[in-house]
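Asker:
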Amino acid sequence: MEPLSHRGLPRLSWIDTLYSNFSYGADDYDGEGNEEQKGPPEGSETMPYIDESPTMSPQLSARSQGGGDSISPTPPEGLAPGVEAGKGLEMRKLVLSGFLASEEIYINQLEALLLPMKPLKATATTSQPVLTIQQIETIFYKIQDIYEIHKEFYDNLCPKVQQWDSQVTMGHLFQKLASQLGVYKAFVDNYKVALETAEKCSQSNNQFQKISEELKVKGPKDSKDSHTSVTMEALLYKPIDRVTRSTLVLHDLLKHTPVDHPDYPLLQDALRISQNFLSSINEDIDPRRTAVTTPKGETRQLVKDGFLVEVSEGSRKLRHVFLFTDVLLCAKLKKTSVGKHQQYDCKWYIPLADLVFPSPEESEASPHVHPFPDHELEDMKMKISALKSEIQKEKANKAQSRAIERLKKKMFENEFLLLLNSPTIPFRIHNRNGKSYLFLLSSDYERSEWREAIQKLQKKDLQAFVLSSVELQVLTGSCFKLRTVHNIPVTSNKDDDESPGLYGFLHVIVHSAKGFKQSANLYCTLEVDSFGYFVSKAKTRVFRDTTEPKWDEEFEIELEGSQSLRILCYEKCYDKTKVNKDNNEIVDKIMGKGQIQLDPQTVETKNWHTDVIEMNGIKVEFSMKFTSRDMSLKRTPSKKQTGVFGVKISVVTKRERSKVPYIVRQCVEEVEKRGIEEVGIYRISGVATDIQALKAVFDANNKDILLMLSDMDINAIAGTLKLYFRELPEPLLTDRLYPAFMEGIGEAPRT
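Using the numbering used here, you'd call the opening residue of the sequence shown number 101 and step up by one each time.
Structure, rendered in structure tokens:
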């Protein structure tokens, strides 16, 4: 019998096979504020572990077997103890031989995955690391443990199969293997993060990209092929596949093991453990490897999906957008009754062969989208913070769960409104045979990712097509099963009492960049995640006509549960005849982009932490340090009797004989004069050295204040005003009245 793993194995939806009882995240919305009801997934499929033997596949779904109970394995009908036992034992040997061969290949695959881990760890502590220790531990999480478990299992099983005896026992080996499935649970829980981390590291580091695209896997001992090349993504999927196959093998071993054989109760127990594991685990894994098949027999694979805000008929709608290998599909969740399976409703689709990005003229002709007022967005954030505090208070008082759920629902509604109304960056696409569509994004990083993913697929030989109503229904129906993003990205989707991440101020110095092939006008922007989505927080000045820009600019960025920092490097385009435009704004060319995790242990120190982020061959050097929310809220009165910063507002107004401090009036007037058209005027950080310079002239009451203000970057002026309010000895909303203000915000009606 040819070893099982020498032949191609079917790749059908392991979501159905592996996770029959899977749960989804927080309540989904249909994009128009309507809450969707949850429903169970469709019935599960089965997956044979041998191509030619579909009859050997058990139905693993616990739900299909009558709820959450595990299957009670029984010998094949008519196979009584002692009857045709010889034939059954021979089949048992064949099953074990095939499984042993596949175990050898699986171990070789795990070895190939572990091979780059040691050199990567060795470079992590050097001055030029390929990956950080945290990234390495995330990508290779539990692989070593899984390898050791299966190596021990293989070493013990191999001699028993090679020196075959009909009465040989190996049930205890399978029982031990099943008892160690907790390691797989940990791997599965981390799988999506591991995959995302590997993908991001590949995008930002050419060296790691080369490593991850071609890992060498040893062939079986009796194989002519000494090595095969496999991607890291494919190898990270192998443990997911392995649990299902091991469970199927257990079922078939029982099928061909007489009930009076010593192995029978041990295999029964191992199967029970394995099935309970499969039934209890939650589906939280990136299923992009699962594909749908077109009527022509071609594979249509999901490449990327996510929630985007679409401007449709003059209003904002939250859509779930799916990018397949040949088509872009925009959908929303249909409102269903309780207990029914959720489905997507296709709003429109564009074959990638027909998808084009609008020309500058077409973009200019598009209607202007007015941004949502900043003060209303801030009001939403304050309501969310107040509701979060109220939830914590109710939990501390051990309030009824119904009251807490009401508060959570109210918080989710405000988060949803914030998510819907905050994006301002236009992303336009056009169907060459029809209309144009407009999405609004909060992050240029995200817009770049969508554009690059589409353009990469369009390099292939794509054909235009029209989906029939049946084909469209099948494709839309597959979206629920294939989606990789389950939850609307808002903070209440997280289970923690307070969203994980950092709260306070991140100080970032963007030093310099290297790796540009020709001189250009270069600048960087910084983005951090806030309230579940990314926003631009800072921008360096443009360094003109250089291949090695040296900005050395410091920014103070407010963090609100932030976990990631993104750096984007742009080439500034001054020639208006050569640029693309979105919403009448010049779109500068992104030269590179990268992202790092804000590890509290790394940034929560008094000293600056210097790092380098790689992006498409470009290296940007930066430093950062973090001040926690508790420290940043401490207000220390100024020891000076003069000046305005750190001095009570009553003292300043009395000295100036004015109801409003001079610094407030001058900064506000300058912002109103030059900053009204700026997006995120009080959100985007100014350069820290400019802010400190303005602080010094206001404290000294320098006569050149007005001249300096007129020449200063508008974000630095806004930052100076924020710094003045932050350094007041007592907040503008006084300590005594603060609880009343927060209570009022929490009870304000939804707008």
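We treat Cβ as the ideally placed atom computed from N, Cα and C, and that holds for glycine.
For the beta strand (DSSP E) that contains Asp652, what are its first and last residues?
Answerer: That run of the beta strand (DSSP E) goes Lys650 to Ser662.
Asker: Work out the CA separation of Asp813 and Pro473 for me, nearest whole Å.
Answerer: C-alpha separation (whole angstroms): 22 Å.
Asker: Specify, as a first and last residue, the run of the beta strand (DSSP E) that Cys624 falls within.
Answerer: Element bounds for Cys624: Ala620 to Ser630.
Asker: Does the segment 753-766 come close enough to the segment 646-659 that 3 or more CB-CB pairs lie under 8 Å?
Answerer: Because the criterion of three Cβ pairs below 8 Å is not met, the segment 646-659 and the segment 753-766 do not touch.
Asker: Please state whether DSSP places Asn121 in a helix, a strand or coil.
Answerer: Here the model assigns Asn121 a pLDDT of 29, short of 50, so the residue's position is not dependable and the matter cannot be decided.
Asker: Within the continuous beta strand (DSSP E) that includes Gln401, where are the two ends?
Answerer: Segment Thr399 to Ser412, the beta strand (DSSP E) holding Gln401.
Asker: Would Lys706 and His607 be called neighbours here (beta carbons separated by less than 7 Å)?
Answerer: Against a cut-off of 7 Å, the Cβ pair of His607 and Lys706 comes out as no contact.
Asker: From Arg192 to Lys355, what does the alpha carbon distance come to, in whole angstroms?
Answerer: In a straight line, the C-alpha of Arg192 is about 8 Å away from that of Lys355.
Asker: So, at 7 Å on beta carbons, what are the nonlocal neighbours of Glu81 in its own chain, with the 5 sequence-adjacent residues on each side left out?
Answerer: Outside the shown range of the chain, which is 101 to 851, sits residue 81, and nothing can be said about it.
Asker: Could you check which residue in Val768, Gln267 and Glu494 has the C-alpha nearest to that of Gly911?
Answerer: The chain is shown only over 101 to 851; residue 911 falls outside these bounds and no answer can be derived.
Asker: May I ask you to verify whether the segment 398-413 touches the segment 524-539, counting CB pairs closer than 8 Å and requiring at least 3?
Answerer: Short answer: they touch.
Asker: Could you give the distance in angstroms between the alpha-carbon of Leu557 and the alpha-carbon of Thr425?
Answerer: Their Cα atoms are separated by approximately 6 Å.
Asker: To the nearest angstrom, how far is the alpha carbon of Ser161 from that of Gln375?
Answerer: Its pLDDT being 29, under 50, Ser161 is placed unreliably in this model, and the value from its coordinates should be taken loosely. Spanning the two alpha carbons is a distance of roughly 9 Å.
Asker: Excluding the five sequence neighbours on either side, which residues of its own chain have a C-beta within less than 6 Å of the C-beta of Asp652, listed in chain order?
Answerer: His611, listed in sequence order.
Asker: Would you tell me roughly how many angstroms separate the C-alpha atoms of Asp130 and Leu626, rounded to the nearest one?
Answerer: For Asp130, the predicted structure reports a pLDDT of 45, less than 50, and the residue's modelled location is therefore unreliable. A value from the coordinates is still provided. Spanning the two alpha carbons is a distance of roughly 31 Å.
Asker: Do you know offhand how far His351's Cα is from Ser266's?
Answerer: Computed Cα separation, rounded: 19 Å.
Asker: Confirm, please, whether the CB-CB distance from Glu490 to Leu518 is below 7 Å.
Answerer: Not in contact: Leu518 and Glu490 (Cβ atoms no closer than 7 Å).
Asker: What does the alpha-carbon distance come out to for the pair Ala564 and Leu452?
Answerer: If I take the Cα positions, the gap works out to 8 Å.
Asker: Taking the C-alpha atoms as reference points, what is the distance between Glu513 and Asp711?
Answerer: Spanning the two alpha carbons is a distance of roughly 39 Å.
Asker: For the putative contact between Ala853 and Val720, defined by C-beta atoms under 8 Å, what is the C-beta separation to the nearest angstrom?
Answerer: Given a span of 101 to 851 for the chain in the structure shown, any question on residue 853 remains unanswerable.
Asker: For Asp597, which residues from the same chain have a beta carbon less than 6 Å from its beta carbon, with the 5 sequence-adjacent residues on both sides left out?
Answerer: Low confidence applies to Asp597: its pLDDT is 49, below 50, so where it sits in the model is not reliable, and the reading given next is rough at best. Hits under 6 Å: none found.
Asker: Buried or exposed: Asp881, going by 16 or more other Cβ atoms within 10 Å of its Cβ?
Answerer: What the structure shows of the chain is the stretch from 101 to 851, and residue 881 is not part of that stretch, so it cannot be assessed.
Asker: What first and last residue would you give for the alpha helix (DSSP H) that runs through His351?
Answerer: Met332 to Lys355 is the span of the alpha helix (DSSP H), which, as asked, contains His351.
Asker: Rounded to whole angstroms, what's the CA-CA distance from Val635 to Thr591? Just pull it up for me.
Answerer: Val635 and Thr591: Cα-Cα distance of roughly 15 Å.
Asker: Can you check the segment 759-837 for any alpha helix (DSSP H) of at least 4 residues that lies completely inside it and give the ranges in chain order?
Answerer: The segment 759-837 contains these whole alpha helix (DSSP H) runs: 762-774, 788-799, 805-811 and 814-826.
Asker: Near Trp448, which residues of its chain fall below 6 Å by C-beta distance, leaving aside the five closest residues on each side in sequence?
Answerer: Excluding sequence neighbours, Trp448 sits near Cys430.
Asker: When you compare only the Cα positions, how much space is there between Asp835 and Arg502?
Answerer: Computed Cα separation, rounded: 32 Å.
Asker: Spatial neighbours of Glu648 within its chain, please: CB distance less than 8 Å, with the 5 preceding and 5 following residues excluded, ordered by chain position.
Answerer: Only Ser612, Ala613, Lys614 and Phe616 meet the Cβ criterion.
Asker: Report buried or exposed for Trp550, applying the criterion of at least 16 other Cβ atoms within 10 angstroms of its Cβ.
Answerer: With 16 or more other Cβ atoms within 10 Å, it is buried.
Asker: Assuming Ser662 contacts Ser630 under a Cβ cut-off of 8 Å, what Cβ separation, rounded to an integer in Å, is found between them?
Answerer: Right, their Cβ atoms sit about 6 Å apart.
Asker: According to DSSP, which residues form a beta bridge with Ser723?
Answerer: Partner(s): Ile609 and Thr710.
Asker: If you compare alpha carbons, which of Ser346, Ile340, Asp341 and Leu315 is closest to Thr331?
Answerer: Of the candidates Ser346, Ile340, Asp341 and Leu315, the one whose C-alpha sits nearest the C-alpha of Thr331 is Leu315.
Asker: In three-state DSSP terms, what is Gln697?
Answerer: Strand, per DSSP.
Asker: Would the segment 215-226 count as touching the segment 260-278 if we require 3 or more Cβ pairs under 8 Å?
Answerer: As far as the Cβ criterion goes, the segment 215-226 does not touch the segment 260-278, which means the pair count is below three.
Asker: Per DSSP, Ile450 forms a beta bridge with which residues?
Answerer: Partner(s): Leu428.
Asker: Taking the alpha helix (DSSP H) that Asp255 belongs to, which residues open and close that run?
Answerer: Ile243 to Gln262 is the extent of the alpha helix (DSSP H) around Asp255.
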